[in-house]
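**Q** Residues in the sequence shown are numbered consecutively from 263, following our numbering.
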Amino acid sequence: MYIKFYTISERFDEYEKSLKSLVENLRNQLSKMGENPDKVKLTIVKVKPETAAETAKYVGEKEERKIPPQLRYLISALRQDGIMMLPAMVINNKKIFEGEPMPMDQITTIILNEARTEFSIELQPQKAAQQSPQPQQQLPPPPPPPTQPQQQLPVSPPPPQPQLPPPPQLPLLPLPPVSPPPPQPQLPPPPTQPQQPLLDLMGQQSSRQSAVEGALRGVTVTGFKLVMGRPDNCNDCIYYGSTRGRCLLFGFKVGDPTHPPCKSPGLN
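Here it is as structure tokens:
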């Protein structure tokens, strides 16, 4: 089963999440029944809002030269699926809706019916989230009994404390005189080393550089390139059929592999 959803960025995010959850649930059920979950594929083509407005102007244009170059691959894919407006959905090369998204419960029924026909198995719809029980109403606690005011007794001030006489002052003793520190012995000056001539240093440096260059002459540097996501060359993509010159993911006709159609500015 092949599901393709054309959407507009930042306008149908919740609908996109529900569709992904539905497909993931279908794959899990197929895996539990011994079927290959990769038989159900979902492709989401996101188009920027400004690109969607321009696409609506040129999707019905018959002359190819009047269509902007950055919109030609997108319009070609829409024409192959018979789409004139966004958002739109195609299941097994059959257009389900365009212009206005269909309710998710109807999409669920259509996808499950397609799965029963294609895989000859009975699938269950995704279980709805259980409703949380309503909290019971709690009665307010009874008010506390009234308390009688306590009678305050008069407090007598504390008795004054007797004043103590000041302590006697002791006479200060004179400090002993400070003796000067003993003189430190003078150390002899360090011996001076003769400076090495500048020519000898330059000769040693050139000989070391020649030795390093000779050691690096036999070294060979190798490298490799690891491409992640959509590469800049179709030859590095797993969905490129080089024998037919066509993109196996979007169905585009690739004229120049060095300019992948999926890297067009019109596609997000």
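All C-beta atoms, glycine included, are put in the ideal place defined by N, C-alpha and C. Just so it is clear, the structure is predicted and the values come from calculations on it, not from any experiment.
Could you tell me which whole beta strand (DSSP E) segments of length 3 or greater appear in the stretch 330–376?
**A** If we require 3 residues or more, the beta strand (DSSP E) runs fully inside the stretch 330–376 come out as 350–353, 356–360.
**Q** Would DSSP call T305 helix, strand or coil?
**A** Note: T305 maps to strand in three-state DSSP.
**Q** Which one of I373, D367, D343 has the shortest CA to CA distance from E360?
**A** Nearest option by C-alpha distance: D343.
**Q** For A314 and L348, which I take to be in contact (beta-carbon distance under 8 angstroms), what is that distance rounded to the nearest angstrom?
**A** Sure, about 5 angstroms apart at Cβ, within 8 angstroms.
**Q** Can you tell me which of the three DSSP states K266 falls into?
**A** Three-state DSSP puts K266 in a strand.
**Q** Quick one: Cα of R334 to Cα of M295, how far?
**A** Distance between the alpha carbons of R334 and M295 is about 42 angstroms.
**Q** Between the beta-carbon of G503 and the beta-carbon of L510, is there less than 8 angstroms?
**A** Taking 8 angstroms as the Cβ cut-off, G503 and L510 qualify as a contacting pair.
**Q** Nearest to F381 by CA position, among L336, D300, N497, D498, is which residue?
**A** When each option's Cα is compared against that of F381, the closest is D300.
**Q** In whole angstroms, what separates the C-alpha of R341 from that of V321?
**A** Computed Cα separation, rounded: 8 angstroms.
**Q** According to DSSP, is L510 helix, strand or coil?
**A** Reduced to three states, the DSSP call for L510 is coil.
**Q** Nearest by alpha-carbon distance to K279: which of T305, S293, E297, V352 is it?
**A** Answer by Cα proximity: T305.
**Q** Look up K515 in the DSSP assignment and give the residues it is bridged to.
**A** For K515, which the question treats as bridged, DSSP gives the partners R508.
**Q** Does the Cβ of V516 have 16 or more other Cβ atoms within 10 Å, making it buried, or fewer, making it exposed?
**A** Buried.
**Q** In angstroms, rounded to a whole number, what distance separates the CA positions of N375 and K319?
**A** Cα to Cα, N375 sits roughly 35 angstroms from K319.
**Q** Mapping the DSSP letters down to three states, classify Y501 as helix, strand or coil.
**A** Coil at Y501, not helix or strand.
**Q** By how many angstroms is the C-alpha of E323 removed from the C-alpha of F274?
**A** Distance between the alpha carbons of F274 and E323 is about 27 angstroms.
**Q** Quick check on DSSP: helix, strand or coil for Q291?
**A** Q291: helix per DSSP, three-state reduction.
**Q** For E278, name the three-state secondary structure that DSSP assigns.
**A** Three-state result, E278: helix.
**Q** Measuring straight from C-alpha to C-alpha, what distance separates K356 and D367?
**A** Between K356 and D367, the C-alpha separation is close to 18 angstroms.
**Q** With distance defined between alpha-carbon atoms, name the residue in N290, Q291, I500, K266 nearest to N354.
**A** When only C-alpha atoms are compared, the closest one is K266.
**Q** Can you grab the Cα-Cα spacing for the pair Y264 / S283, in whole Å?
**A** Cα to Cα, Y264 sits roughly 16 angstroms from S283.
**Q** Going straight from the alpha carbon of L307 to that of K525, what length do you get?
**A** Leu is not the amino acid found at residue 307; the sequence shown has Val there. Cα to Cα, V307 sits roughly 12 angstroms from K525.
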